[in-house]
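Read through the structure below, which is laid out as structure tokens, and then see the notes.
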Amino acid sequence: MKCLLLTLPVFLVLFQMFPVYRAGKACWTIRGHCRKNCKSGEEVKKPCNNGDYCCVPRLD
Numbered sequence: 001m002k003c004l005l006l007t008l009p010v011f012l013v014l015f016q017m018f019p020v021y022r023a024g025k026a027c028w029t030i031r032g033h034c035r036k037n038c039k040s041g042e043e044v045k046k047p048c049n050n051g052d053y054c055c056v057p058r059l060d
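Just so we're aligned: 53 in the UniProt record's numbering is position 53 of the sequence shown, and the numbers increase by one with no gaps anywhere.
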């Protein structure tokens, strides 16, 4: 039981660090996400392999 209680926080931290669990596929060195339409405040950097756009947060 102690082992389970110790590993749970480790997994929570790892999920916060890596975007693997997110719905969209990562692109542009993991800063962007492949989407059909970019959200406001994002810009298109390049097309993704599946035909979607690589949407990256705009740096103002």
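Don't be surprised by glycine CBs; every beta carbon is placed ideally from N, CA and C.
C38 (DSSP reduced to helix, strand or coil): Locating residue 38 in the sequence shown gives position 38, where the first residue counts as 1. It is coil, neither helix nor strand.
Within 10 angstroms of its Cβ, does C48 collect 16 or more other Cβ (buried), or is it exposed? Start at 1 with the first residue of the sequence shown, and residue 48 comes out as number 48. Buried: at least 16 other Cβ atoms inside 10 Å.
Is V10 close to chain C? Criterion is C-beta to C-beta, closer than 8 angstroms. Among the protein chains of the structure shown there is no chain C, as only one such chain exists.
Expressed to the nearest angstrom, what Euclidean distance is found between the alpha-carbon atoms of R22 and C34? Numbered from its first residue, the sequence shown carries residue 22 at position 22. Numbered from its first residue, the sequence shown carries residue 34 at position 34. Confidence is the limiting factor: at R22 the pLDDT is only 49, short of 50, which leaves the residue's position unreliable, though a coordinate-based value still follows. C-alpha separation (whole angstroms): 11 angstroms.
Using CA coordinates, which residue listed in R58, V44, S40 is at the minimum distance from D52? Along the sequence shown, one-based indexing puts residue 52 at 52. Comparing Cα-Cα distances from D52 to each of R58, V44, S40, the minimum goes to V44.
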